[in-house]
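K.L.:
The structure's right below; bear with me while I get my questions together.
In the numbering used here, the protein residues as written are 995 to 1237.
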């Protein structure tokens, strides 16, 4: 049996309306590749029919698994769950709304072959193609958050929050085995750990469109994200990222 070249991990929470088209787009993309890919959907305790819709797709496609957290644990926990279960040589996680088109995967793999261990999508580079912008207040929140991130946690990266990131298997497993943050700002923690472990990171401009159905709460989640930055720094000072 040939080695799985690429694992695509999709964290999902109450995505019954979007997950079907998303999965079909991913399967169609993989069908045209000359490598073996697997898709892992991680359900984060959805109260709708996300799992049922996903399992219907699983019956029609090989190399597709549905993992269930059992309760709502957070996006970070879901990505970690998928990363540690993935079999691919390269591990990609993508948001369930495909705000970044799955076709961008090809460019990410090219960068991986150049020797990078982590490749992250960026909406903040001059070459980034923003099809639909976020509302102004969410843009302001994101820019403010990233400025603080560059001071407190990860210098030199313009956009830590784009939901499209790829890791080598070795890097992904090491990083996510050490992960502590289960909800928002887990991306920052993953990049903080990547730097701490000496991995080579590439920030790549991507095409991106805002999803009007986002579940990010501007105020509640902003506070959670800012507080998580202090948690990351504290965890590092206390030696909780050794491994």
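Note that the Cβ used here is the ideal one computed from N, Cα and C, for glycine as well. From a predicted model like this one, the values you see are computed outputs, not experimental measurements.
Give me the Cβ distance between residue 1073 and residue 1003, rounded to the nearest whole Å; I'm assuming they're in contact under 8 Å.
P.N.:
Contact flag correct, Cβ pair sits at about 6 Å.
K.L.:
Relative to the C-alpha of residue 1186, which candidate in 1206, 1138, 1227 and 1152 has its C-alpha closest?
P.N.:
When only C-alpha atoms are compared, the closest one is 1227.
K.L.:
For the candidate residues 1023, 1057, 1005 and 1025, whose alpha-carbon lies nearest to that of residue 1039?
P.N.:
The candidate whose alpha carbon is nearest that of residue 1039 is 1005.
K.L.:
With a CB to CB cut of under 6 Å and the five nearest residues on each side skipped, what residues in its chain are close to residue 1110?
P.N.:
Same-chain partners within the cutoff: 1194 and 1196.
K.L.:
Find out if the Cβ-Cβ distance for the pair residue 1096, residue 1019 is shorter than 7 Å.
P.N.:
The answer is yes: Cβ separation under 7 Å.
K.L.:
Between residue 1029 and chain B, is the shortest Cβ-Cβ distance under 7 Å, so that the two count as touching?
P.N.:
No chain B is present in this structure, which holds just one protein chain.
K.L.:
What is the rounded straight-line gap between the Cα of residue 1118 and the Cα of residue 1236?
P.N.:
Approximately 31 Å between the Cα atoms of the pair.
K.L.:
Identify every run of the beta strand (DSSP E) within the stretch 1100–1159, keeping only runs that are complete inside it and at least 3 residues long; order them along the chain.
P.N.:
Whole beta strand (DSSP E) segments, 3+ residues: 1112–1116 and 1123–1126.
K.L.:
The beta strand (DSSP E) with residue 1003 in it runs from where to where?
P.N.:
It spans 1000–1006 - the beta strand (DSSP E) in which residue 1003 sits, taken as one unbroken run.
K.L.:
Would you identify the three-state DSSP class for residue 1162, choosing helix, strand or coil?
P.N.:
The answer is strand: DSSP assigns residue 1162 an E or B state.
K.L.:
Looking only at C-alpha atoms, which of 1136, 1085 and 1131 sits nearest to residue 1114?
P.N.:
Ranking the options by Cα distance to residue 1114, first place goes to 1085.
K.L.:
Per DSSP, which one or two residues make a beta bridge with residue 1032?
P.N.:
1001.
K.L.:
Can you tell which of 1120, 1158, 1201 and 1043 has the C-alpha that lies nearest to the C-alpha of residue 1062?
P.N.:
Among 1120, 1158, 1201 and 1043, the Cα nearest to that of residue 1062 is on 1043.
K.L.:
Who does residue 1088 pair with in a DSSP beta bridge?
P.N.:
Answer is 1158.
K.L.:
Rounded to the nearest angstrom, what separates residue 1179 and residue 1157 at their Cα positions?
P.N.:
Taking the straight line joining both Cα atoms gives about 11 Å.
K.L.:
In the DSSP assignment, find the beta strand (DSSP E) that holds residue 1058 and state where it starts and stops.
P.N.:
Residue 1058 -> beta strand (DSSP E) spans 1058–1062.
K.L.:
How many whole angstroms separate the CB atoms of residue 1034 and residue 1001, which I take to be in contact at a CB cut-off of 8 Å?
P.N.:
With 8 Å as the limit, residue 1034 and residue 1001 qualify as a contact, their Cβ atoms being about 6 Å apart.
K.L.:
State the start and end residues of the unbroken beta strand (DSSP E) segment that holds residue 1195.
P.N.:
Looking at the DSSP string, the run of the beta strand (DSSP E) that includes residue 1195 is 1195–1199.
K.L.:
Between residue 1181 and the rest of its own chain, which residues show a CB-CB distance below 6 Å, the 5 nearest in sequence each way excluded?
P.N.:
Closer than 6 Å at the Cβ level, and outside the excluded window around residue 1181, lie 1154 and 1155.
K.L.:
Count the CB pairs spanning the stretch 1077–1092 and the stretch 1161–1176 that are closer than 8 Å, and state whether there are at least three.
P.N.:
Segments in contact, yes.
K.L.:
Compare the C-alpha of residue 1203 against each of 1122, 1144, 1024 and 1173 and name the closest.
P.N.:
Among 1122, 1144, 1024 and 1173, the Cα nearest to that of residue 1203 belongs to 1122.
K.L.:
With burial defined as no fewer than 16 other Cβ atoms inside 10 Å of the residue's Cβ, what is the status of residue 1224: buried or exposed?
P.N.:
Result: exposed.
K.L.:
Taking buried to mean at least 16 other C-beta atoms within 10 Å of its own C-beta, is residue 1137 buried or exposed?
P.N.:
Residue 1137 is exposed by the Cβ-count criterion.
K.L.:
Starting from residue 1188, trace the alpha helix (DSSP H) both ways and give me its first and last residue.
P.N.:
Taken as a continuous stretch (DSSP letters only), the alpha helix (DSSP H) holding residue 1188 covers 1180–1190.
K.L.:
On the criterion of 16 or more Cβ atoms from any shown chain inside 10 Å, does residue 1015 qualify as buried, or is it exposed?
P.N.:
By the neighbour-count rule (16 or more Cβ atoms within 10 Å), residue 1015 is not buried but exposed.
K.L.:
For residue 1054, collect the residues of the same chain with a Cβ closer than 6 Å to its Cβ; drop the 5 residues on either side in sequence, then sort them by chain order.
P.N.:
Excluding residues within five positions, none has a Cβ falling inside 6 Å.
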